[in-house]
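Below: one structure, written as structure tokens.
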Amino acid sequence: MTKQNIMLTPGPTPLPPEVLEALSRPIIHHRTEEFGQVFVDVEEGLKRIFRTKSPVYMMASSGTGAMEAAAVNLLSPSDKVIVLSTGVFGDRFAAILKAYGVSPIVVQEEWGNAANPETLKKALLDNPGVKAVFFQHTDTSTGIVNDIKALSEVVHKNSQALVVVDSVSGLAAEPLEMDAWGLDVVASASQKGLMNAPGLSFAAVNDRAWTAVEAAKLPRFYFDWRTMKKFLPTRQTPYTPSINLIVAQLEAIKLIEKEGLENVWKNTDELAAYTRKRVQEIGLTLFAKDPANILTAALVPETVDSKKLVAQILRETGISIAGGQGKLEGRLIRIAHMGYITRHDVDEGFKALEKYLPRKEKV
Ligand SMILES: Cc1ncc(COP(=O)(O)O)c(C=O)c1O
Numbered sequence: 178m179t180k181q182n183i184m185l186t187p188g189p190t191p192l193p194p195e196v197l198e199a200l201s202r203p204i205i206h207h208r209t210e211e212f213g214q215v216f217v218d219v220e221e222g223l224k225r226i227f228r229t230k231s232p233v234y235m236m237a238s239s240g241t242g243a244m245e246a247a248a249v250n251l252l253s254p255s256d257k258v259i260v261l262s263t264g265v266f267g268d269r270f271a272a273i274l275k276a277y278g279v280s281p282i283v284v285q286e287e288w289g290n291a292a293n294p295e296t297l298k299k300a301l302l303d304n305p306g307v308k309a310v311f312f313q314h315t316d317t318s319t320g321i322v323n324d325i326k327a328l329s330e331v332v333h334k335n336s337q338a339l340v341v342v343d344s345v346s347g348l349a350a351e352p353l354e355m356d357a358w359g360l361d362v363v364a365s366a367s368q369k370g371l372m373n374a375p376g377l378s379f380a381a382v383n384d385r386a387w388t389a390v391e392a393a394k395l396p397r398f399y400f401d402w403r404t405m406k407k408f409l410p411t412r413q414t415p416y417t418p419s420i421n422l423i424v425a426q427l428e429a430i431k432l433i434e435k436e437g438l439e440n441v442w443k444n445t446d447e448l449a450a451y452t453r454k455r456v457q458e459i460g461l462t463l464f465a466k467d468p469a470n471i472l473t474a475a476l477v478p479e480t481v482d483s484k485k486l487v488a489q490i491l492r493e494t495g496i497s498i499a500g501g502q503g504k505l506e507g508r509l510i511r512i513a514h515m516g517y518i519t520r521h522d523v524d525e526g527f528k529a530l531e532k533y534l535p536r537k538e539k540v
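Residue numbers are given in this note's numbering: position 238 of the sequence shown equals residue 415, and the series is strictly consecutive.
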């Protein structure tokens with residue numbers, strides 16, 4: 178196989194030429210009319226992608242920054258919170274909260290399953306007065322998608338808690354309706370479905386959540402949404418933004434909107450179905466019982482170390498496939514099919530897998 182640069186990783190994902198071109202433009206200053214217009218256009222475009230009328234705060238950080246921002250802006254140390262953990266990223270929410278002295282009630286789902294709305298209901302009824310419930314839209318470590326509409330409904334029917342969703346890997350790939358589904362805070366980042374380079378994170382925050390932001394007592398400075406809100410009318414961020422990433426984000430938003438967000442969801446769904454079929458055809462076992470459309474996670478045979486396999490494929494073909502994370506390291510391969518990833522890219526990934534998976538393991 179000739180060596181080629183193909184990214185099948187669930188973030189970063191490949192960048193369209195229009196985005197690469199924008200990243201390489203001469204830098205402009207962020208306290209100018211020119212940048213102000215780009216900032217507003219990105220803000221408005223993101224609102225359409227998050228399906229919200231609420232403001233979207235842009236932060237110079239990776240997605241974890243937006244998760245941390247949600248914790249520090251919404252909570253006080255004595256608050257009771259629930260984390261629905263479906264893998265590495267639910268555990269990360271719990272770790273962030275613990276780092277700030279908040280002890281979350283962690284509802285652990287078996288890896289590979291989506292969070293169960295009935296289990297959530299029980300947890301809410303057993304723990305009255307919960308301030309916020311944190312969960313993932315898609316958990317990239319296991320390849321599951323949560324029914325965030327159903328989970329949000331359960332939260333609102335059974336408590337006053339805020340619904341905080343990590344859609345770092347789900348946004349602009351899987352359906353998400355922030356306002357219609359009652360999601361109070363949605364966190365995301367630039368480097369996955371949003372088809373931009375890593376380094377920008379986003380948090381959409383509705384009015385219900387804003388009441389909590391004003392009352393929250395956890396320490397915060399750089400990620401303080403109150404400061405960001407003051408700067409919004411000036412079309413600026415409080416501190417130096419990732420200027421070229423924001424300029425490039427506008428190009429990616431234009432591409433998403435040219436295709437149509439619902440078509441993006443549909444095309445991602447089709448490529449996911451195709452990938453799941455191919456995975457089974459080469460004799461691997463699908464891992465997620467509630468599979469997401471952003472990526473396909475597959476178990477490799479026990480005798481294969483997936484970490485070594487993906488390293489060899491990258492070294493010899495230039496194709497990046499993700500291995501497993503956390504307790505699934507060495508056991509899983511994860512093939513992404515979101516953003517700018519094409520069917521051709523996926524096919525090249527399968528050619529490599531067919532070549533490098535030990536022959537006897539393919540039956
Ligand atoms: C679901 C999910 N949440 C959070 C993150 C963390 O984002 P970052 O690596 O940009 O900090 C990721 C990254 O892979 C993710 O997939």
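Glycine included, each C-beta is placed from N, C-alpha and C at the ideal position. Predicted, not measured: the structure shown is a model, and the values here were computed from it.
### Task
Could you tell me which uninterrupted beta strand (DSSP E) segments, each at least 3 residues in length, are contained entirely in the stretch 293–339, listed from first to last along the chain?
DSSP runs (the beta strand (DSSP E)) wholly in the stretch 293–339: 309–313.
### Validate contact between the stretch 258–265 and the stretch 283–299 using beta carbons, cut 8 Å, 3 pairs
Two segments are said to touch when three or more pairs of C-beta atoms, one from each, lie closer than 8 Å; by this definition the stretch 258–265 touches the stretch 283–299.
### Query
In chain order, what residues of the same chain have a beta carbon less than 7 Å from the beta carbon of alanine 465, not counting five sequence neighbours either side?
Here residue 465 refers to the residue found at position 288 when the sequence shown is read from its first residue. Cβ neighbours of alanine 465 beyond the five flanking positions: Gly289, Thr319, Gly320, Ile321, Ala474.
#### Entry: Residues of its chain near phenylalanine 408, where Cβ-Cβ distance is below 7 Å and the 5 sequence neighbours each way are ignored
As a position in the sequence shown, residue 408 is number 231, starting the count at 1. Residues of the same chain with a CB within less than 7 Å of the CB of phenylalanine 408, apart from the 5 flanking positions on each side, are Thr414, Pro415 in chain order.
### Query
Going by other Cβ atoms of all chains shown within 10 Å of its Cβ, with 16 needed for buried, is serine 378 buried or exposed?
Within the sequence shown, the letter at position 201 stands for residue 378. Serine 378 is buried by the Cβ-count criterion.
### Task
Look up phenylalanine 408 in the DSSP assignment and say whether it is helix, strand or coil.
Taking the sequence shown and counting its residues from 1, one reaches residue 408 at position 231. Assigned with DSSP and collapsed to three states, phenylalanine 408 falls in helix.
### Query
Can you name, in chain order, every residue of its own chain whose Cβ lies under 6 Å from the Cβ of serine 336, other than the five neighbours on each side?
Walking along the sequence shown from the start, residue 336 turns up at place 159. Its chain contains Leu301, Val307 as the residues whose beta carbon lies nearer than 6 Å to that of serine 336, once the 5 sequence neighbours on both sides are disregarded; these appear in chain order.
### Query
According to DSSP, is glycine 234 helix, strand or coil?
Taking the sequence shown and counting its residues from 1, one reaches residue 234 at position 57. First, the residue type needs correcting, since residue 234 is tyrosine and not glycine in the sequence shown. Strand, per DSSP.
### Message
ligand 1 and methionine 372: does any heavy atom of the ligand fall closer than 8 Å to the residue's C-beta?
### Response
Taking the sequence shown and counting its residues from 1, the one referred to as residue 372 is at position 195. Not under cutoff, so the answer is no.
#### Entry: alpha helix (DSSP H) segments (min. 4 residues) lying fully within the stretch 209–264
Counting only runs of at least 4 residues, the stretch 209–264 fully encloses the following alpha helix (DSSP H) elements, listed from N- to C-terminal order: 210–227, 240–251.
### Query
Do alanine 450 and alanine 469 have their C-beta atoms closer together than 9 Å?
As a working note, residue 450 is residue 273 in the sequence shown. As a working note, residue 469 is residue 292 in the sequence shown. In this structure, alanine 469 does not lie closer than 9 Å to alanine 450 by Cβ.
### Task
Output the boundary residues of the beta strand (DSSP E) element that contains leucine 509.
On the sequence shown, residue 509 is found 332 positions in, with the first residue counted as 1. Counting along the chain, the beta strand (DSSP E) containing leucine 509 begins and ends at 509–513.
### Task
May I ask whether a heavy atom of ligand 1 can be found less than 8 Å away from the beta carbon of arginine 269?
The count along the sequence shown starts at 1 and reaches residue 269 at position 92. Yes, ligand 1 has a heavy atom inside 8 Å of this Cβ.
### Whole-angstrom C-beta distance between proline 396 and valine 219, which should lie under 8 Å
Position 42 of the sequence shown, counted from the first residue, corresponds to residue 219. Position 219 of the sequence shown, counted from the first residue, corresponds to residue 396. With a Cβ gap of about 29 Å, valine 219 and proline 396 do not count as contacting.
### Query
Does the beta carbon of glutamine 313 fall short of 8 Å from some heavy atom of ligand 1?
Mapped onto the sequence shown, residue 313 falls at position 136. With a threshold of 8 Å, the Cβ atom of glutamine 313 counts as near ligand 1, since some heavy atom of the ligand is closer than that.
### Query
Where in the stretch 438–501 do unbroken runs of the beta strand (DSSP E), each at least 3 residues long, occur, reported from the N-terminal end onward?
Listed in chain order, the beta strand (DSSP E) elements of length 3 or more contained wholly in the stretch 438–501 are 472–476, 496–498.
### Residue from Leu348, Gly495, Ile490, Lys504 whose Cα sits closest to the Cα of leucine 476
Locating residue 476 in the sequence shown gives position 299, where the first residue counts as 1. Taking only the C-alpha atoms, the option nearest leucine 476 is Lys504.
### Message
Quick check: is any heavy atom of ligand 1 less than 8 Å from the C-beta of alanine 366?
### Response
Here residue 366 refers to the residue found at position 189 when the sequence shown is read from its first residue. Flag set: Cβ of alanine 366 near ligand 1.
#### Entry: Cβ-Cβ separation, phenylalanine 212 to isoleucine 205 (assumed contact under 8 Å), whole Å
Mapped onto the sequence shown, residue 205 falls at position 28. Mapped onto the sequence shown, residue 212 falls at position 35. The beta-carbon distance between isoleucine 205 and phenylalanine 212, rounded to whole angstroms, is 5 Å. This is short enough to meet the 8 Å contact definition.
### Task
Using a threshold of 9 Å, state whether the C-beta atoms of isoleucine 471 and alanine 350 are closer than that.
Sequence index remark: in the sequence shown, residue 471 carries index 294 (1-based). Sequence index remark: in the sequence shown, residue 350 carries index 173 (1-based). Using a Cβ distance threshold of 9 Å, isoleucine 471 and alanine 350 count as a contacting pair.
### Sheet register partners of aspartate 343 (DSSP bridge)
Start at 1 with the first residue of the sequence shown, and residue 343 comes out as number 166. As DSSP reads the structure, aspartate 343 sits in a beta bridge with Gln313, Ala364.
#### Entry: Residue environment, leucine 197, which counts as buried when at least 16 other CB atoms sit within 10 Å
Walking along the sequence shown from the start, residue 197 turns up at place 20. Sixteen is the threshold: since fewer than 16 other Cβ atoms of the shown chains lie within 10 Å of the Cβ of leucine 197, the residue is exposed.
#### Entry: Near ligand 1: serine 346 beta-carbon under 8 Å from a heavy atom
Taking the first residue of the sequence shown as 1, we reach residue 346 at position 169. Within the cutoff, so yes.
### Residue range of the beta strand (DSSP E) that includes phenylalanine 400
Stepping through the sequence shown from its first residue, residue 400 is reached at position 223. Where phenylalanine 400 is concerned, there is no enclosing beta strand (DSSP E), because DSSP gives it neither an H nor an E.
### the stretch 478–489 in contact with the stretch 274–283 per 3-pair CB rule at 8 Å
With a cut-off of 8 Å, the stretch 274–283 and the stretch 478–489 do not count as touching, because too few Cβ pairs lie within range.
### Query
With respect to 8 Å, is the separation between the Cβ of aspartate 343 and the closest non-hydrogen atom of ligand 1 below this value?
Here residue 343 refers to the residue found at position 166 when the sequence shown is read from its first residue. Checking the Cβ of aspartate 343 against ligand 1 gives yes.
### Query
Measuring from the CB of methionine 244, is there a heavy atom of ligand 1 at a distance below 8 Å?
In the sequence shown, counting from the first residue as 1, residue 244 sits at position 67. At least one heavy atom of ligand 1 lies closer than 8 Å to the C-beta of methionine 244.
### Task
Indicate the three-state DSSP secondary structure (helix, strand or coil) for isoleucine 518 in the structure shown.
Numbered from 1 along the sequence shown, position 341 holds the residue referred to as residue 518. Here isoleucine 518 sits in coil by DSSP.
### Task
Return helix, strand or coil for alanine 429, following the three-state DSSP convention.
Along the sequence shown, one-based indexing puts residue 429 at 252. Helix at alanine 429.
### Task
Buried or exposed for asparagine 182, please, with buried defined as at least 16 other CB atoms from any protein chain shown within 10 angstroms of its CB.
Reading the sequence shown from its first residue, position 5 is the one you call residue 182. Counting Cβ neighbours within 10 Å, asparagine 182 comes out exposed, since fewer than 16 surround it.
### Query
What is the rounded straight-line gap between the Cα of isoleucine 426 and the Cα of glycine 495?
Indexing the sequence shown from 1 puts residue 426 at position 249. Indexing the sequence shown from 1 puts residue 495 at position 318. For the sequence presented, residue 426 should be read as glutamine rather than isoleucine. So the alpha carbons of these two residues sit roughly 26 Å apart.
#### Entry: Buried or exposed by the 16-neighbour rule on C-beta atoms within 10 Å, applied to proline 194
Counting from one through the sequence shown, the residue named residue 194 turns up at place 17. By the 10 Å Cβ count, proline 194 comes out exposed.
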